[in-house]
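Residue numbers (the working numbering), protein chains in the order written: chain A, 1 to 323; chain B, 324 to 646.
All remarks here apply to the structure that follows.
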């Protein structure tokens, strides 16, 4: 994040390019309130506080509170979003697909340094290394190319979903004690399929669907879809019959077309759970019902049980589903 | 591949571990006939000719003819299979998921050198770099951990598919002129859904399914599923209504459980095609109908039209769907 006295991410009409690093820039920590950041961000790069030196193909951002999951580490989808926005700020074109492997959690307040892996022959097939305090925290890769033309969609349309205006907001149980000022504070969530209420531990059918909308309103692109796609572990709740938390091991994103409008429907299918590992995939639709992307990930499953009545006032429960 | 006079890959009852590199091993090229190799291979590592130095976490294999796609470069799924087998030979445990990004084609006869990326903190979250003639050809990553326990499957079972014994073999049009001694010579293919015969260029429904069986019979594991999963671009034929070839940009594999038996059902869905880029996913089942893995990939689409009658005898057509 850039200096609060000098908001680094000015709205740019031509593109959502992050601000180039200035000379002698060291780590900069947010001093803005998150509310102010939300109001002022004009691009995802701005919301991430991403700064980029395109000449050196280097970038950085800080895992500020609004970028965290409910366990207080970087929301995985923010890592993939940052990698995509970074490659594009360095000159990469449209994201065709991208993947991220999480190697070490990024703690709150840590600065993440991004660089393009040498030897990949340009930005069309890019690999991004991300380090924090000298350790490798994630590796991301993808194809960046101008892709346009006729779109043939074979998957089912998302037109079965009720309009988000009439869908109920996702609510977290009051007994869950976790920070609510992270990424979940930036994203409106509404259940496109009714939320499961009988959390009795019996496996469900594996399907869940959420409408998602960023509170800061800027154009939806691949990086935004990366951030939103990491809500896929929400499907663990319906699948396991428990409040459940996910720790993503990786995220995969495949782009079909830019979405229309502000809302994105994330239609999740938990394919299988083996002990504490879930294989999850999803389709993303825009409000017209058009398929705009697909996602998949492998995630560790943490089942969260409500405290017993006697201890309910004393025992904070683990965090729920998070990227 | 090891020296033909000293078959390097002896059957090992305990595991499919590739043979450690000996002292002073330089590149070794196959002199076996492929038929002999097929007959003698007792593991996927043997079929790949993979040799590994676990102490140094280094390995190598040669893109011999039987490992090639129909365009004469390394079958992408062989790259992911080699990376998985390599990590496991270095001490990695069960593959939970794996992903490969293809950065440069591996030409026939090239030696591929594998190493584990430093700084990833062990083999449970491994990143494999692969180089050939000094250039980076692919990067693969994955989680390797002991995962066992109750398997909950939420995706549909594969029990709808006819038994492979009664399914018709996949046949390639006689007018297609391409090498048939690569990976397709190692794998039996039978259509579990009827093959589309009206290749008139009209888009299809996006769904295709193949039964697949390796001709060399050794236990099916994650590496074998990686090789077989790269048949997913077969779905382009039904989806496009053309004979179609795929050039994979990446492959993703998520493991549910080891398969039972020799046959694997690959149930493919082409999600979308944008100009010449397809987003493809698939589920893999064993013969009991149990979901054993999921795959996804982004692939370039090459539509192949039969030559006109006048030129049919003169013009070899491009190769069909290949990994």
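Positions of the beta carbon are idealized from the N, C-alpha and C atoms, including for glycine.
CB contact check: residue i to chain B, cutoff 7 Å
i	result
residue 272(A)	yes
residue 325(A)	No answer is possible for residue 325(A): the residues shown for chain A start at 1 and end at 323.
residue 288(A)	no
residue 299(A)	no
residue 26(A)	For residue 26(A), the predicted structure reports a pLDDT of 35, less than 50, and the residue's modelled location is therefore unreliable. A value from the coordinates is still provided. No, residue 26(A) does not count as interfacial toward chain B.
residue 51(A)	no
residue 88(A)	no
Residue i at chain A interface by Cβ criterion, 7 Å
i	result
residue 512(B)	no
residue 477(B)	yes
residue 424(B)	yes
residue 472(B)	yes
residue 619(B)	yes
residue 483(B)	no
residue 653(B)	Not covered by the structure: residue 653(B). The range shown for chain B is 324 to 646.
residue 598(B)	yes
residue 464(B)	yes
residue 631(B)	no
residue 602(B)	yes
residue 498(B)	no
residue 615(B)	no
residue 451(B)	no
residue 419(B)	yes
residue 459(B)	yes
residue 628(B)	no
Contacting residues, own chain, Cβ-Cβ under 6 Å from residue i (five flanking each side not counted)
i	result
residue 618(B)	552, 555, 576, 605
residue 41(A)	47, 216
residue 264(A)	212, 228, 284
residue 97(A)	142, 143, 254
residue 543(B)	582
From the options, residue whose alpha carbon lies closest to that of residue i
i	options	result
residue 547(B)	398(B), 379(B), 566(B), 598(B)	398(B)
residue 186(A)	270(A), 218(A), 292(A)	218(A)
residue 441(B)	505(B), 452(B), 426(B)	452(B)
residue 145(A)	597(B), 484(B), 516(B), 615(B)	597(B)
residue 602(B)	404(B), 570(B), 534(B)	570(B)
residue 422(B)	141(A), 290(A), 82(A), 124(A)	141(A)
residue 291(A)	307(A), 260(A), 77(A)	260(A)
residue 459(B)	437(B), 470(B), 446(B)	437(B)
residue 163(A)	262(A), 302(A), 297(A)	262(A)
residue 439(B)	432(B), 390(B), 407(B)	407(B)
residue 161(A)	255(A), 104(A), 209(A)	209(A)
residue 66(A)	107(A), 153(A), 236(A)	107(A)
residue 386(B)	416(B), 420(B), 432(B)	432(B)
residue 286(A)	307(A), 298(A), 257(A)	257(A)
residue 90(A)	101(A), 111(A), 73(A), 124(A)	124(A)
residue 298(A)	270(A), 308(A), 190(A)	270(A)
residue 628(B)	557(B), 589(B), 522(B), 366(B)	522(B)
Which residues DSSP lists as bridging residue i, in chain order
i	result
residue 420(B)	466(B), 577(B)
residue 302(A)	245(A)
residue 187(A)	214(A)
residue 384(B)	435(B)
residue 588(B)	534(B), 608(B)
residue 74(A)	68(A)
residue 135(A)	132(A)
Close beta carbons around residue i, own chain, < 7 Å, minus the five adjacent residues each side
i	result
residue 537(B)	509, 510, 547
residue 6(A)	For residue 6(A), the predicted model reports a pLDDT of 24, less than 50, meaning its position is unreliable; a value from the coordinates is still stated below. If we look at residue 6(A) and ignore the five residues flanking it on each side, it has no Cβ neighbours.
residue 611(B)	583
residue 373(B)	341, 382, 384, 405, 408, 409
residue 204(A)	196, 238, 239, 241
residue 194(A)	none
residue 236(A)	244, 246, 270, 278, 301, 321
Residues near residue i by beta carbon distance below 8 Å, same chain, minus five either side
i	result
residue 445(B)	none
| query | In the region 559 to 592 of chain B, which residues sit with their C-beta less than 7 Å from some C-beta in chain A, listed in chain order? | reply | 562, 572, 573, 575, 577, 579, 580, 592
| request: Could you run through the region 526 to 560 of chain B and flag, in chain order, every residue whose CB is less than 7 Å away from some CB of chain A? | output: If the cut-off is 7 Å between Cβ atoms, the region 526 to 560 of chain B has 526, 528, 529 near chain A.
| message | Please list, in chain order, the residues of the region 73 to 86 of chain A that have any C-beta partner in chain B closer than 8 Å. | response | none
| What residues from the region 106 to 121 of chain A come within 9 Å of chain B, judged by C-beta to C-beta, listed N to C? | Closer than 9 Å at the C-beta level to chain B, one finds these residues of the region 106 to 121 of chain A: 117, 118, 119, 120, 121.
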